[in-house]
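Protein chains: 2
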Amino acid sequence: MPKPGPGLRLIDVAHRAGVSLATASRALAGREGVSEEVANRVRQVADELGYVANPFARTLAGGASTTVGLIVHQVDDPYFAEIAGGVIGLADEQRLLVQICHSGRDPGHELRQIRHLIAQRAGIIIIAGSGYDDPRAEAEAEAVLSGYQRGGGRVAVIGRHALGADAVLPDNEAGGHAVTAHLLGLGHRRIAVAAGAPGLNTVIDRMAGVASALREHGLSLDDLPVVHTDFVREGGRTATERILAEHPSTTAIIALNDAMAMGVLAMLRERGIGVPTRMSVVGFDDVSVAADLAPSLTTVRLPMIDMGRMALELALEPAGAGPRRRPTGHQLIVRDSTGPAPDQSR
Amino acid sequence: MPKPGPGLRLIDVAHRAGVSLATASRALAGREGVSEEVANRVRQVADELGYVANPFARTLAGGASTTVGLIVHQVDDPYFAEIAGGVIGLADEQRLLVQICHSGRDPGHELRQIRHLIAQRAGIIIIAGSGYDDPRAEAEAEAVLSGYQRGGGRVAVIGRHALGADAVLPDNEAGGHAVTAHLLGLGHRRIAVAAGAPGLNTVIDRMAGVASALREHGLSLDDLPVVHTDFVREGGRTATERILAEHPSTTAIIALNDAMAMGVLAMLRERGIGVPTRMSVVGFDDVSVAADLAPSLTTVRLPMIDMGRMALELALEPAGAGPRRRPTGHQLIVRDSTGPAPDQSR
DNA sequence: CTGAAAGCGCTAACAT
DNA sequence: ATGTTAGCGCTTTCAG
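Protein chains in written order, with full-length UniProt numbering: chain A, 1 to 346; chain B, 1 to 346.
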């Protein structure tokens with residue numbers, strides 16, 4: 001397709017700087033064996049000419065690849081959009097290019113994307129999004145990735161623990177605990193959970209946090225309705241419908257992410273159920289619109305943009321002895337969608 | 001079980017199939033000049049061995065690049081996230097990889113990104129987002145891109161007209177007209193506009209639509225306050241502050257995109273100004289959260305996801321004689337943020 | 001410290 | 001129809 005790029009090659013820079021190809025290469029790669037003086041001259045000339053190495057030639061010749069592959073569920077999901085924004089932000093600074101693909105929360109498709117990225121010789125692969133409770137798929141992904149890592153590829157994951165790679169781990173359990181404790185503190189006891197697919201690690205972890213908070217108040221998950229639907233807005237709507245129909249006395253709904261919470265709020269609005277007067281609602285993630293919803297959403301803030309950056313930072317460092325883990329921290333953000341439990345004591 | 005073997009080269013496949021390198025290359029590329037029989041044998045051997053071509057070698061040697069570069073303002077802006085989602089969706093189907101970079105709405109940075117993408121030998125470049133009213137920057141971008149296109153690169157743009165490339169053109173003017181006519185129809189006359197930077201084509205076009213609707217009602221843009229701030233949420237907030245302070249009798253605010261509209265709504269909420277009772281608000285784009293805001297936002301729907309797909313479709317077709325243009329259509333979505341003008345007859 | 005030269009794996013002219 | 005060969009632009013020995 002595209003034949004000539006800028007047509008500017010390393011050899012041109014070399015000539016212009018009055019040095020050989022090899023020296024120019026060394027200078028720009030910051031390798032040993034060039035005097036500071038010459039190296040600086042070369043770098044300056046390269047700069048002036050706006051030289052950018054041809055990554056294909058570079059990689060083919062055995063150099064490092066400068067593209068990072070990023071796999072997300074969907075970029076047009078705000079959670080992943082923010083993560084992607086973080087990755088791209090740091091990548092820009094490092095002059096790296098980011099290739100984004102969608103996993104669609106389908107383990108098979110995700111595996112295909114990983115393979116594709118490897119075949120394209122991405123030097124770094126970042127996988128964002130929940131792992132699956134699907135041992136076979138996970139094992140295969142792990143096998144492929146560990147082969148890739150053995151070959152020098154760097155991998156970082158966001159929000160999954162079982163992949164033998166450096167990981168950014170969102171505070172899912174602690175966050176689930178925080179948000180549940182908040183509700184319990186407001187006096188709510190008839191709480192329902194709008195959860196995503198039960199096979200997603202994220203769902204499992206957040207549920208664990210919910211469960212532990214309940215336990216501290218002498219309750220158990222078994223006491224409350226947990227509705228598993230899709231981990232997206234529409235799932236929140238249908239979950240709410242079910243909760244309303246089957247457990248009308250519910251006073252609070254925990255949505256396991258903000259997308260679902262938006263669906264929950266929408267359905268409550270349609271049904272004319274006041275929030276938080278008759279029903280409190282909490283979400284999880286604090287996507288940027290959470291503050292603008294009707295009413296503004298109480299949720300757990302996860303630093304998505306930073307998470308993206310952190311993942312790339314991890315991947316940029318040389319591999320350690322074992323997988324590194326980097327927790328994200330979290331913050332309970334109380335807004336207008338939660339209030340005291342209505343007094344329905346008798 | 002075929003496993004993509006690094007170290008497995010085309011020459012190995014060729015030997016194994018008892019043909020020459022060139023023949024194997026032709027067979028796998030589906031090019032002319034190989035008997036069906038031989039071609040099939042080669043393909044089968046390649047399959048058995050799990051051969052995957054090295055894209056770097058392929059591209060370096062002048063083959064087609066399978067990556068498409070996408071430049072957006074920011075992926076974590078919902079408007080661009082949806083466009084990106086559309087591009088990636090189609091790219092996935094075509095087994096293409098998408099490289100995303102941020103322009104940050106800075107002409108200089110955008111130009112740098114274009115150059116970077118070209119240097120990376122992206123076969124296709126898609127630029128989403130408004131052009132700038134900056135002749136020098138635009139001219140330079142056009143020059144670089146036309147060189148790229150002359151070399152066989154394909155370019156498609158979304159929402160800018162002055163780049164000599166195939167374009168997807170959002171119905172900015174018609175949409176601006178529609179939304180303004182809606183307000184006028186509700187009896188509003190004291191209308192203010194919260195606009196983005198005056199140099200953005202998108203802003204200019206949408207304003208033109210606003211102006212034409214006003215004209216039909218015997219009004220003119222000069223009659224109303226137009227506040228230019230940043231084309232993002234925060235800009236909507238500050239614009240609203242100014243409008244409230246300087247034109248307290250305003251009954252409706254036109255925000256030139258949904259992000260700004262969100263800021264407008266937020267500020268009105270803070271000030272305790274009822275929407276739509278005391279103030280109507282309209283946005284533009286219909287990002288997916290527009291329906292979930294407080295109150296839900298009246299806006300103009302643009303098919304962002306399709307726009308992304310269309311752009312890639314255009315780029316995938318061979319270049320035409322001249323630049324193709326593809327309008328998007330639009331749809332006025334009336335929700336709860338607009339109502340009749342309050343009766344302040346004096 | 002620097003330069004010359006040998007590939008990396010593939011495509012595409014050029015031969016046969 | 002098939003084979004031979006010259007690069008693509010870079011990194012990396014290996015000489016000097």
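C-beta: ideal position from N, C-alpha, C; glycine also.
Going by other Cβ atoms of all chains shown within 10 Å of its Cβ, with 16 needed for buried, is residue i buried or exposed?
i	result
Gln99 (chain A)	buried
Gly5 (chain B)	Low local confidence applies: a pLDDT of 39 at Gly5 (chain B) is under 50, so the model's placement there is unreliable, with the coordinate-based value given in what follows. So Gly5 (chain B) ends up on the exposed side.
Glu173 (chain A)	buried
Leu21 (chain B)	exposed
Gln113 (chain A)	buried
Gln74 (chain A)	buried
Ser288 (chain B)	buried
Asn40 (chain B)	exposed
Ile191 (chain B)	buried
Glu93 (chain B)	exposed
Pro248 (chain B)	exposed
Asp343 (chain B)	exposed
Ala321 (chain B)	exposed
Arg154 (chain B)	buried
Would you say residue i and residue j are within 7 Å of each other, going by their C-beta atoms?
i	j	result
Pro323 (chain A)	Asp166 (chain A)	yes
Ile333 (chain B)	Thr299 (chain B)	yes
Val34 (chain B)	Arg26 (chain B)	yes
Met304 (chain B)	Ile125 (chain B)	no
Ile127 (chain A)	Ile71 (chain A)	yes
Pro107 (chain B)	Asp134 (chain B)	yes
Asp292 (chain B)	Leu293 (chain A)	yes
Leu60 (chain A)	Leu97 (chain B)	no
residue 347 (chain B)	Val227 (chain B)	A query on residue 347 (chain B) cannot be resolved here, the shown segment of chain B reaching from 1 to 346 and no further.
Leu169 (chain B)	Arg325 (chain B)	yes
Thr67 (chain A)	Ala122 (chain A)	yes
Leu256 (chain B)	Phe284 (chain B)	yes
residue 361 (chain A)	Gly86 (chain A)	Only positions 1 to 346 of chain A appear in the structure, and residue 361 (chain A) is not among them; the question remains open.
Pro340 (chain A)	Leu186 (chain A)	yes
Gly210 (chain B)	Gly236 (chain B)	According to the sequence shown, residue 210 (chain B) is Val rather than Gly. Result no, Cβ atoms of Val210 (chain B) and Gly236 (chain B) do not sit closer than 7 Å.
Ala64 (chain B)	Leu314 (chain B)	no
Ala17 (chain B)	Val45 (chain B)	yes
Val282 (chain A)	Leu265 (chain A)	no
In angstroms, rounded to a whole number, what distance separates the CA positions of residue i and residue j?
i	j	result
Ala259 (chain A)	Val232 (chain A)	5 Å
His109 (chain B)	Ser103 (chain B)	6 Å
Thr250 (chain A)	Thr338 (chain A)	13 Å
Gly263 (chain A)	Ala178 (chain A)	22 Å
Gln120 (chain B)	Pro55 (chain A)	6 Å
Arg160 (chain A)	Ile243 (chain B)	48 Å
Leu183 (chain B)	Arg115 (chain B)	44 Å
Ser296 (chain B)	Asp306 (chain A)	30 Å
Gly164 (chain A)	Arg105 (chain A)	20 Å
Ser345 (chain B)	Met207 (chain B)	Reliability of the predicted coordinates at Ser345 (chain B) is poor, the pLDDT of 46 falling under 50, and the value obtained from them is presented with this limitation in mind. Distance between the alpha carbons of Ser345 (chain B) and Met207 (chain B): 28 Å.
His141 (chain A)	Thr240 (chain B)	First, the amino acid is wrong: residue 141 (chain A) is Ala here, not His. Rounded to whole angstroms, Ala141 (chain A) to Thr240 (chain B) spans 51 Å at the Cα level.
Leu8 (chain A)	Thr180 (chain A)	59 Å
Gln331 (chain A)	Ile158 (chain B)	38 Å
Ala245 (chain B)	Glu48 (chain A)	49 Å
Ala290 (chain A)	Arg301 (chain A)	10 Å
Ile118 (chain A)	Leu316 (chain A)	17 Å
residue 347 (chain A)	Pro225 (chain A)	It is not possible to answer for residue 347 (chain A), since the shown part of chain A is limited to 1 through 346.
residue 414 (chain A)	Ala81 (chain B)	Residue 414 (chain A) cannot be examined here, being either before or after the span of chain A that is shown, 1 to 346.
Locate the beta strand (DSSP E) running through residue i, then write down its first and last residues.
i	result
Ile118 (chain A)	Segment Pro107 to Ala119 is the alpha helix (DSSP H) holding Ile118 (chain A); no beta strand (DSSP E) there.
Pro135 (chain A)	Counting along the chain, Pro135 (chain A) falls outside any beta strand (DSSP E), though it belongs to the alpha helix (DSSP H) covering Pro135 to Arg150.
Asp76 (chain B)	No beta strand (DSSP E) contains Asp76 (chain B), which DSSP labels as neither H nor E.
Val193 (chain B)	Ile191 to Ala195
Would you check whether the ligand ZN has a heavy atom nearer than 6 Å to the C-beta of residue i?
i	result
Gln99 (chain B)	What this structure holds is no ligand at all, so the ligand ZN is not there to describe.
Could you please give the first and the last residue of the uninterrupted alpha helix (DSSP H) stretch that includes residue i?
i	result
Gln44 (chain B)	Glu36 to Leu49
Ile243 (chain A)	Arg233 to Glu246
Ser25 (chain B)	Leu21 to Ala29
Thr250 (chain B)	Taken as a continuous stretch (DSSP letters only), Thr250 (chain B) belongs to no alpha helix (DSSP H), as it is neither H nor E.
residue 349 (chain A)	A question about residue 349 (chain A) goes unanswered here, because the residues of chain A that appear run from 1 up to 346.
Ser296 (chain B)	Neither: Ser296 (chain B) is in no alpha helix (DSSP H) and is coded neither H nor E.
Val13 (chain B)	Leu10 to Ala17
Arg154 (chain A)	It is not in any alpha helix (DSSP H) - Arg154 (chain A) instead sits in the beta strand (DSSP E) that spans Arg154 to Ile158.
Arg278 (chain B)	No alpha helix (DSSP H) contains Arg278 (chain B), which DSSP labels as neither H nor E.
Quiz item: Within the chosen definition, does the region 215–222 of chain B reach the region 199–206 of chain B through at least 3 CB pairs nearer than 8 Å?
Solution: no
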